[in-house]
Amino acid sequence: MTQRLDAELAARGLARSRSHATTLVEEGRVTVAGRVASKPSIKVESSTEIAVVDADHYVSRGAHKLIGALDGFGIRVDGRTALDMGASTGGFTQVLRERGADPVLAVDVGHGQLAPLIALDAGVRVVEGYNVRYMTAESLAEASGVDTAPSVITGDLSFISLTQVLPAVAEVAAPDADIVLLVKPQFEVGRSKIGGGVVTDAGLRADAVLEVLFTAKDLGLGTLGVLPSPIHGTHGNVETLIHIAPGRGSDPTEWKREIERACE
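For the sequence shown, the numbering used here assigns the number 312 to the initial residue and increments by one for each residue that follows.
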């Protein structure tokens with residue numbers, strides 16, 4: 312029988328779902344008859360040799376983005392309440408838990424995406440169907456069962472500009488919070504400036520980061536650091552990690568050189 316690769320991966324138990332299978336293919340982790348699969352829609356036989364390459368124990372490659380941020384910015388999370396926005400399969404949440412954050416509020420607008428390994432962790436509070444754009448301290452506490460304001464906030468969000476989320480982030484953050492966000496240029500610059508889903512202009516990528524940082528500044532969140540993501544995003548987009556905090560940090564204009572380097 313012939314069917315799509317993503318469906319076959321799910322049927323064989325090599326992926327949790329077809330959407331997970333699509334992610335694996337996009338990450339270049341699926342081989343078909345010994346060759347890296349190019350699309351989740353290609354047709355395969357039930358007898359075709361299919362393999363998934365697992366590089367490490369993390370539930371998503373996104374984990375390495377947060378590892379790079381925490382190490383690069385020198386942020387310790389042990390013993391702190393953390394909020395992971397856009398948790399998805401749980402890569403960021405996994406890193407936060409491994410480094411001692413307790414509890415971690417794994418928040419996502421979707422349902423059923425968190426890997427079972429992460430969802431079953433007693434130190435993780437799973438909050439599904441929750442849109443962080445409209446987040447308040449009260450609604451977050453009610454949804455998670457945790458009254459403590461998060462002193463670590465991370466975000467790997469898609470299909471929304473961070474400028475729309477930052478007001479809510481500023482409201483719920485603890486006074487001593489460290490906020491680490493992944494700036495994805497394809498969701499910041501506008502559709503007219505994207506070719507094939509990729510922002511190829513380094514200047515536009517830098518402008519996107521500055522726009523996010525200036526929005527943060529207007530909300531009382533200063534800039535403490537800017538780094539290039541250690542791995543590219545979907546379709547090869549160059550992404551940038553930012554470290555901001557309430558009542559600390561400096562003006563975004565002081566980070567222009569670092570931003571330009573990060574967006575090259």
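Ideal placement from N, C-alpha and C gives every residue a C-beta, glycine not left out.
Because the structure is a prediction, the values reported are computed rather than measured.
Query: Where does D489 land, buried or exposed, given buried means 16+ other C-beta within 10 angstroms?; Result: buried
Query: Taking the alpha carbon of V494 as the point to measure from, which residue in G373, V457 and V343 has its own alpha carbon closest?; Result: G373
Query: Per DSSP, what are the beta-bridge partners of Q405 in this structure?; Result: In DSSP, Q405 forms no bridge with anything.
Query: Would you report the Cα separation of L477 and E356, rounded to the nearest angstrom?; Result: 47 Å
Query: Please say whether A573 and V537 have beta carbons closer to each other than 7 Å?; Result: yes
Query: With distances taken from CA atoms, which of V549, P541, T313 and E337 is nearest V520?; Result: V549
Query: Taking P427 as part of the alpha helix (DSSP H), name the residues at either end of that continuous run.; Result: P427 to A430
Query: To which residues does DSSP link G536 through a beta bridge?; Result: H554
Query: Determine the DSSP secondary structure at R568, reduced to helix, strand or coil.; Result: helix
Query: Does the Cβ of M312 have 16 or more other Cβ atoms within 10 Å, making it buried, or fewer, making it exposed?; Result: exposed
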